[in-house]
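In our numbering, the protein residues as written are 461 to 978.
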């Protein structure tokens, strides 16, 4: 967005002050690209209008073309705003109190005070960009809800800053400095909650374009200060080195999710979402104890955080603490009754506790919300198998594999149960439908690894070996011998040789004959 906005400003610079109006197609193209990238790009129009006015005031000349350009810019801005609102179906964005708590303060003055606090934090991030965080929601910046909060002083502080800025701009003749202030102020307006209530508190991404204006102002101040202080070059170099160090440090924090979330906790330790995200990362790496600790922190900070409750319940269930998991899942469902995944996980927890009827009801509720959920149908099949309904389990697992042909667990359970029921032909028929990505994936210790069709890849030794394992288990030793020998002709494997020796013994062959034939 910032790149397109700057390109638009550069393009508009060539026609600014032109006594004859002419269309500037590259400018409008860049603005459209900026708006499509982020809504903040719409601020290019008022910035350009301000530039036209500033130029006319400086030259003391009245241009009809300038007025026409300003009118076209204003009209174009209205068209783009209408188009953006049309895309959103003429509705305002939906967000919760957790996203922007200041917007939900009932007292108007305290709400403005809360906004003032957020504005000063943004200003601090522009001037001193340290202690950065990728997410400032969920309690990172609490709203001001009482006059006893010392942060109400932010309200007069903002008023003082605004008066000081206006005074400085009024008494300066440097158009470049005024231009920098205009870019910074105008581009920040959409995120200020003044024009429209936004769904965030502080977002570093909305400061990219304002930082351009700040850089222009700093450059003007640096040049002017160099006339009076001879060491400004050293000061400027020191500032650049510090900025480079901070940039490198922040880039390192963005290399991995773990580093990013850990850095976020140092800035916003009361942010439940950061604890939740850190818990997810730790859970993926297998550090369940640390993940549980962070999920508990997220729930402590936000007791109604349904996703944290759900994930914490999964960890507790994996540790055998089913009763606690059930309590957390029911708490999540009280907050969000349409949470399909939580209903499925509740079904798993109830099944593991032997509450089969309640588990069945939970699975059915989940499938009402998401009828094509392959995972839920798979777990429903597990329940049917647990209560002694193998045919219902088979049907459930078949449906699961129809919805997701790469569902490894469903395919495995389906093939194993078919094999246990002695339905060998059905096993082979099911094996033909397996996608190539799953073939040979589970090794010799899984029965499903033997259900391969040699037509899939005739030169793959593993497929033939797995068929040999399958036929050996079914006591079809001649076919087992054939596929084992075929596998060994493609690739030598000690385990296959051992299995082939066992087949020869079953065929009344001796160990010595087996050795010779190998």
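C-beta atoms are modelled at their ideal positions from N, C-alpha and C, and glycine is treated no differently.
Because the structure is a prediction, the values reported are computed rather than measured.
If the criterion is Cβ atoms closer than 8 Å, does the pair residue i and residue j meet it?
i, j, result
"residue 721", "residue 741", "yes"
"residue 594", "residue 739", "no"
"residue 461", "residue 500", "yes"
"residue 985", "residue 685", "Since the first residue shown for the chain is 461 and the last is 978, residue 985 is missing from the structure and cannot be characterised."
"residue 839", "residue 863", "no"
"residue 419", "residue 766", "The structure shown has nothing for residue 419, since the chain only spans 461 to 978."
"residue 562", "residue 603", "yes"
"residue 844", "residue 853", "yes"
"residue 408", "residue 471", "Within the shown structure, residues of the chain are numbered from 461 to 978, placing residue 408 beyond reach of any answer."
"residue 921", "residue 940", "no"
"residue 592", "residue 726", "no"
"residue 638", "residue 469", "no"
"residue 768", "residue 776", "no"
"residue 932", "residue 959", "yes"
"residue 662", "residue 601", "yes"
"residue 771", "residue 743", "yes"
"residue 805", "residue 762", "no"
"residue 800", "residue 829", "yes"
"residue 956", "residue 944", "yes"
"residue 782", "residue 812", "yes"
"residue 611", "residue 577", "yes"
"residue 837", "residue 816", "no"
"residue 680", "residue 629", "no"
"residue 492", "residue 505", "no"
Determine the closest residue to residue i out of the options, with distance taken between C-alpha atoms.
i, options, result
"residue 538", "555, 871 and 503", "503"
"residue 597", "861, 660, 618 and 933", "660"
"residue 671", "534, 860 and 642", "642"
"residue 509", "536, 485, 619 and 547", "536"
"residue 605", "589, 566, 584 and 752", "566"
"residue 575", "588, 590, 613 and 587", "613"
"residue 874", "842, 847 and 848", "842"
"residue 668", "585, 573, 800 and 636", "585"
"residue 622", "579, 655, 717 and 871", "579"
"residue 657", "552, 860, 849 and 547", "552"
"residue 803", "822, 815 and 811", "822"
"residue 517", "634, 646, 654 and 688", "634"
"residue 966", "640, 712 and 938", "938"
"residue 555", "564, 649 and 547", "564"
"residue 582", "929, 647, 865 and 546", "647"
"residue 655", "541, 695 and 559", "541"
"residue 718", "928, 688, 745 and 961", "745"
"residue 949", "465, 924, 713 and 929", "924"
"residue 700", "665, 962 and 588", "588"
"residue 608", "627, 619, 631 and 570", "570"
"residue 495", "617, 851, 548 and 465", "465"
Verify the contact flag: residue i, CB atom, against every heavy atom of the ligand ADP, threshold strictly below 7 Å.
i, result
"residue 642", "In terms of ligand content, the structure shown is empty, and the ligand ADP therefore cannot be addressed."
Mind checking which residues open and close the alpha helix (DSSP H) that includes residue i?
i, result
"residue 660", "Element bounds for residue 660: n/a, residue is neither H nor E."
"residue 797", "Residue 797 -> no alpha helix (DSSP H), and no H or E assigned at all."
"residue 819", "816-829"
"residue 571", "568-587"
"residue 845", "834-846"
"residue 979", "Residue coverage of the chain in this structure runs from 461 to 978, which leaves residue 979 outside it and unanswerable."
"residue 646", "635-648"
"residue 716", "From DSSP, residue 716 is part of no alpha helix (DSSP H); its letter is neither H nor E."
"residue 621", "614-630"
"residue 501", "Counting along the chain, residue 501 falls outside any alpha helix (DSSP H), and DSSP gives it neither H nor E."
"residue 543", "524-547"
"residue 684", "668-686"
"residue 862", "850-863"
"residue 467", "462-473"
"residue 741", "732-744"
How many whole angstroms separate the CB atoms of residue i and residue j, which I take to be in contact at a CB cut-off of 8 Å?
i, j, result
"residue 789", "residue 809", "6 Å"
"residue 732", "residue 751", "Between residue 751 and residue 732 the Cβ distance is about 15 Å, and since that is not below 8 Å, they are no contact."
"residue 590", "residue 706", "7 Å"
"residue 557", "residue 530", "At roughly 40 Å, the Cβ-Cβ gap does not stay under 8 Å, so residue 557 and residue 530 are not in contact."
"residue 645", "residue 674", "Contact flag wrong, Cβ pair sits at about 10 Å."
Is residue i close to chain B? Criterion is C-beta to C-beta, closer than 8 Å.
i, result
"residue 858", "Absent from the structure is chain B; it holds one protein chain and no more."
**Q.** Entirely enclosed alpha helix (DSSP H) segments - the segment 750-785, minimum 4 residues
**A.** 766-778
Q) Counting only runs that start and end within the segment 942-970, where is the alpha helix (DSSP H) found for 4 or more residues in a row? A) 954-966
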